[in-house]
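For reference, the structure discussed in these notes is given below.
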Amino acid sequence: MIKSMTGYGRGEAEAEGRRFTVELKSVNNRYCEVILRQPRSLAQLEDKIRRQIQNKVTRGRIDGFITIEETGEVTPAVKVDKALALTYHKAMEELMADLAISDKISIRDLISLPNVISLEQTEDDVEAWYQAIQKATDQALEGLMSMRENEGQRLKTDILERAKIIRQLILGQVSERAPLVVQEHREKLMQRLAEWLENGTIEENRLAAEVAIFTDRADISEELVRLHSHLEQLAQILTEGGAVGRKLDFLVQEMNREVNTIGSKANDLMITNAVVNAKSELEKIREQVQNIE
Numbered sequence: 001m002i003k004s005m006t007g008y009g010r011g012e013a014e015a016e017g018r019r020f021t022v023e024l025k026s027v028n029n030r031y032c033e034v035i036l037r038q039p040r041s042l043a044q045l046e047d048k049i050r051r052q053i054q055n056k057v058t059r060g061r062i063d064g065f066i067t068i069e070e071t072g073e074v075t076p077a078v079k080v081d082k083a084l085a086l087t088y089h090k091a092m093e094e095l096m097a098d099l100a101i102s103d104k105i106s107i108r109d110l111i112s113l114p115n116v117i118s119l120e121q122t123e124d125d126v127e128a129w130y131q132a133i134q135k136a137t138d139q140a141l142e143g144l145m146s147m148r149e150n151e152g153q154r155l156k157t158d159i160l161e162r163a164k165i166i167r168q169l170i171l172g173q174v175s176e177r178a179p180l181v182v183q184e185h186r187e188k189l190m191q192r193l194a195e196w197l198e199n200g201t202i203e204e205n206r207l208a209a210e211v212a213i214f215t216d217r218a219d220i221s222e223e224l225v226r227l228h229s230h231l232e233q234l235a236q237i238l239t240e241g242g243a244v245g246r247k248l249d250f251l252v253q254e255m256n257r258e259v260n261t262i263g264s265k266a267n268d269l270m271i272t273n274a275v276v277n278a279k280s281e282l283e284k285i286r287e288q289v290q291n292i293e
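Heads up: the sequence shown at position 269 corresponds to 269 in the UniProt record's numbering, and the numbers run straight through without jumps.
Spelled out as structure tokens, the structure:
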């Protein structure tokens with residue numbers, strides 16, 4: 001199936017009290033380039049995520065955005081520094097004795113002192129995070145590939161329609177007109193020969209040059225055959241599908257070369273107009289091909 005290099009996908013998954021969101025956006029590029037933007041806490045997972053994307057995408061620039069959202073289920077651990085509490089308690093007793101103060105030290109007094117009780121974040125389970133991110137990335141890739149495939153089908157339809165127009169212009173109108181152009185060139189050459197004969201002189205070099213020009217300009221059969229072959233290849237490649245963007249780009253260049261040669265050889269207004277219209281369609285095909293994977 002033909003795929004465009006333009007698409008978007010989004011996925012979500014939860015783990016360890018966090019929601020992980022992955023968004024993927026792709027545009028055309030000669031190679032497969034994956035750019036990830038994520039929190040620093042996910043840096044060690046970047047290579048795994050990039051490989052996961054590259055296993056699905058052959059060409060294009062893919063911008064990935066990964067965000068983490070707390071879902072309110074993360075409960076920090078409570079840490080009690082017993083040694084520090086005993087130190088505080090001993091110091092308070094010594095101070096009361098020195099000041100001749102008779103009082104009781106309550107637990108509330110101790111826990112209110114600095115660093116006796118503190119909240120400690122639980123250690124992140126990066127492996128559990130990766131499983132969730134992997135799931136979210138799969139969802140995002142599914143949406144991305146679906147959009148790329150739909151856009152690819154649209155491009156395929158458009159290219160085939162334009163190829164049909166080129167076939168009608170060159171292999172239809174030009175092929176019909178080409179024999180008449182040959183005949184017109186022949187008649188003009190015969191008129192020149194008649195004029196030279198009337199004058200009683202024929203320049204051998206000039207005659208050879210005229211014949212060479214006639215032969216070169218009049219015969220476009222090879223170009224028509226090659227262009228027909230290129231159009232057949234174009235349809236076949238689009239039908240087979242796959243990562244064919246580079247192959248199509250080269251083929252369109254070859255088609256453009258043949259059309260240009262036809263235009264330069266056939267010194268004829270009707271053929272020139274057909275060539276101009278064909279080149280316009282070829283340029284639109286070239287632009288479409290630039291976005292095919």
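Here a beta-carbon is modelled for each residue, glycine too, at the ideal position from N, C-alpha and C.
On the CB-based measure, 16 or more other CB atoms within 10 Å of its CB, does residue i come out buried or exposed?
i, result
"GLY60", "buried"
"GLU23", "buried"
"ASN55", "exposed"
"LYS3", "buried"
"SER26", "buried"
"THR137", "buried"
"ALA77", "exposed"
"VAL181", "buried"
"ALA274", "buried"
"ARG37", "exposed"
"MET145", "buried"
"ASP158", "exposed"
"ARG108", "exposed"
"VAL80", "exposed"
"TYR31", "exposed"
"VAL252", "buried"
"GLN281", "Per the sequence shown, residue 281 should be read as Glu rather than Gln. GLU281 comes out buried."
"LEU234", "buried"
"LEU238", "buried"
"LEU99", "exposed"
"GLY242", "exposed"
"PHE269", "According to the sequence as given, residue 269 is Leu; it is not Phe. Under this definition LEU269 is an exposed residue."
"LEU227", "buried"
Return helix, strand or coil for residue i, following the three-state DSSP convention.
i, result
"ILE166", "helix"
"GLU33", "strand"
"VAL244", "coil"
"ASP158", "helix"
"ALA266", "coil"
"ILE66", "strand"
"THR21", "strand"
"LYS284", "helix"
"LYS79", "strand"
"SER102", "coil"
"ARG61", "strand"
"VAL116", "coil"
"GLU16", "coil"
"residue 296", "Nothing can be reported for residue 296: it is not among the residues displayed for the chain, which extend from 1 to 293."
"ILE292", "strand"
Tell me, to the nearest whole angstrom, how far the beta carbon of residue i is from that of residue j; I am working on the premise that it is less than 8 Å.
i, j, result
"GLY9", "LEU141", "6 Å"
"ILE49", "ILE133", "6 Å"
"VAL289", "ASP249", "5 Å"
"ASN28", "ASN291", "5 Å"
"GLU149", "MET5", "That pair is no contact at about 12 Å."
"THR58", "GLU240", "That pair is no contact at about 15 Å."
Among the residues of its own chain, which have a CB less than 6 Å from the CB of residue i, if the five just before and after it don't count?
i, result
"LEU231", "ALA163, ARG167"
"GLU254", "HIS230"
"ILE111", "ILE117"
"ASP63", "LYS25, ILE35"
"TYR130", "LEU45"
"ARG286", "VAL252"
"THR67", "THR21"
For residue i, which residues of its own chain have a beta-carbon under 7 Å away from its beta-carbon, when the five flanking residues on both sides are left out?
i, result
"ALA278", "ILE166, LEU169, ILE170, VAL259"
"ARG19", "GLU12, GLU69, THR71"
"ALA128", "ALA15, GLU16"
Output needed for residue i: all residues of its chain with C-beta closer than 8 Å, excluding positions within five of it in sequence on either side, in chain order.
i, result
"GLU14", "PHE20, THR71, ALA132"
"GLU93", "ILE105"
"ASP103", "MET96"
"THR272", "GLY263, ALA266"
Below 8 Å, is the gap between the Cβ of residue i and the nearest heavy atom of the ligand ADP?
i, result
"GLU16", "In the structure shown, the ligand ADP is absent, as is every other ligand, since no ligand is present at all."
Handout entry: Segment contact, 8 Å Cβ cut-off, at least three pairs: the stretch 257-264 with the stretch 144-160
Key = no
Practice task
Taking 8 Å as the threshold, find out whether the stretch 168-179 comes into contact with the stretch 37-51 through three or more Cβ pairs.
Solution key: no
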